[in-house]
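A short worksheet on the structure shown next.
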Amino acid sequence: MSDEFEKALQSALRRQGPGEDFSARVVARLDGTRGVFRSRWLPAALAACIIAAVGLVQMRQHALDTARANQARAQLLQALSIASDNINIVRAAVAHAENPNS
Amino acid sequence: MDAPHPALEIALARAKRGELAAFRQLIQAHQDLVYTLALRMLKVPEDAEELAQDVFVSAHRHLERITCAAHLLFWLRRTVCHRAIDRLRRRPLHAAVPLDTVDEVPVADVSHDPLLERRLRDLVSKLPPMARAVVLLKYQEDLDPSEIARTLDMPLNTVKSHLKRSLASLRAGCDELRPIAAGSQP
Numbered sequence: 001m002s003d004e005f006e007k008a009l010q011s012a013l014r015r016q017g018p019g020e021d022f023s024a025r026v027v028a029r030l031d032g033t034r035g036v037f038r039s040r041w042l043p044a045a046l047a048a049c050i051i052a053a054v055g056l057v058q059m060r061q062h063a064l065d066t067a068r069a070n071q072a073r074a075q076l077l078q079a080l081s082i083a084s085d086n087i088n089i090v091r092a093a094v095a096h097a098e099n100p101n102s
Numbered sequence: 103m104d105a106p107h108p109a110l111e112i113a114l115a116r117a118k119r120g121e122l123a124a125f126r127q128l129i130q131a132h133q134d135l136v137y138t139l140a141l142r143m144l145k146v147p148e149d150a151e152e153l154a155q156d157v158f159v160s161a162h163r164h165l166e167r168i169t170c171a172a173h174l175l176f177w178l179r180r181t182v183c184h185r186a187i188d189r190l191r192r193r194p195l196h197a198a199v200p201l202d203t204v205d206e207v208p209v210a211d212v213s214h215d216p217l218l219e220r221r222l223r224d225l226v227s228k229l230p231p232m233a234r235a236v237v238l239l240k241y242q243e244d245l246d247p248s249e250i251a252r253t254l255d256m257p258l259n260t261v262k263s264h265l266k267r268s269l270a271s272l273r274a275g276c277d278e279l280r281p282i283a284a285g286s287q288p
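Here the protein sequences line up with chains E and P, keeping their order. Counted from 1, the first sequence has number 24 at position 24 by the numbering used here; the numbering is strictly sequential. Counting the second sequence from 1 gives a position; the numbering used here is that position plus 102.
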């Protein structure tokens with residue numbers, strides 16, 4: 001009985017086909033997936049994005065450098081101005097010491 | 103049941119090199135296995151078709167990791183079973199399964215006892231998902247318990263226990279057809 005029952009079970013559970021063109025439908029899905037990822041536009045779009053990103057980073061870096069340079073220039077001018085004022089004071093003091101009546 | 107064929111090894115090697123025609127050959131060789139497991143697990147032909155397609159698309163993505171035709175066969179059985187069980191877990195408990203779609207796919211051979219076989223398929227479809235997967239791998243795919251254990255990541259004793267309990271349940275369910283089922287019994 002056991003063997004007969006298990007044979008009947010095996011027969012009942014034999015494989016069935018998925019219908020016509022199943023493999024074609026899978027391949028079409030694969031083609032679609034490959035189409036998206038392997039399209040000639042995708043590498044171009046990726047390259048454009050990378051170039052734009054690099055350009056933006058460089059522009060930002062240039063702006064930062066310019067701002068730093070302007071700040072350094074202003075500080076230098078201020079330092080020179082202070083030094084000039086001090087020299088004038090010293091020069092006036094020296095002149096006054098040499099000629100107290102002037 | 104499915105001794106790997108040299109032609110499949112060649113097709114696998116070509117498919118790994120990106121030849122879709124070779125991969126299609128692999129699909130055609132295994133589509134009945136994958137689709138029938140999916141159908142008997144999910145019970146709805148549309149769901150089974152979708153799952154079977156998903157499994158093959160996934161197989162295509164994993165081809166580099168497939169070492170040989172036998173490995174592909176193992177991978178397909180394992181993947182379709184695990185994904186079907188996952189889908190059944192996510193499916194609402196009372197999800198409707200249209201009665202006219204269950205088990206209506208025509209089979210190739212003329213059955214010796216269509217009534218008993220239909221009853222058996224109906225009873226198998228009512229087993230819990232894990233037990234159903236074990237029974238299908240045993241009686242549809244003709245795997246031995248140790249192969250089933252490896253396919254489902256399940257202890258061997260659990261496989262044996264599922265088989266024993268499921269067979270008892272199926273026999274009990276066939277009791278009403280016993281005179282037909284036991285036609286050869288003395």
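Glycine included, C-beta positions come from ideal geometry on N, C-alpha and C. Just so you know, these numbers come straight off a predicted model, no measurement behind them.
Residues near Pro100 (chain E) by beta carbon distance below 7 Å, same chain, minus five either side: none
Beta-carbon gap between Leu178 (chain P) and Ala161 (chain P) smaller than 9 Å: yes
Rounded separation between Lys7 (chain E) and Arg273 (chain P) - CA only: 13 Å
Contact check, Asp134 (chain P) vs Gln10 (chain E), beta carbons under 9 Å: no
Three-way DSSP call (helix, strand, coil) for Met59 (chain E) in this model: helix
Three-state secondary structure assigned by DSSP to Gly17 (chain E): coil
Sequence-distant residues of the same chain with beta carbon closer than 7 Å to Arg167 (chain P), five excluded per side: none
Leu229 (chain P) - containing alpha helix (DSSP H), residue span: No alpha helix (DSSP H) holds Leu229 (chain P); DSSP gives it neither H nor E.
Beta-carbon neighbours of Ala154 (chain P), restricted to chain E and to distances below 9 Å: Pro18, Phe22, Val26
Separation of Leu144 (chain P) from Arg191 (chain P), as counted between CA atoms: 11 Å
Straight-line Cα distance separating Ser84 (chain E) from Ala97 (chain E): 20 Å
His132 (chain P), buried or exposed, once every other Cβ within 10 Å from all chains shown has been counted against 16: buried
Counted within 10 angstroms of its Cβ, other Cβ atoms place Gln127 (chain P) as buried (16 or more) or exposed: buried
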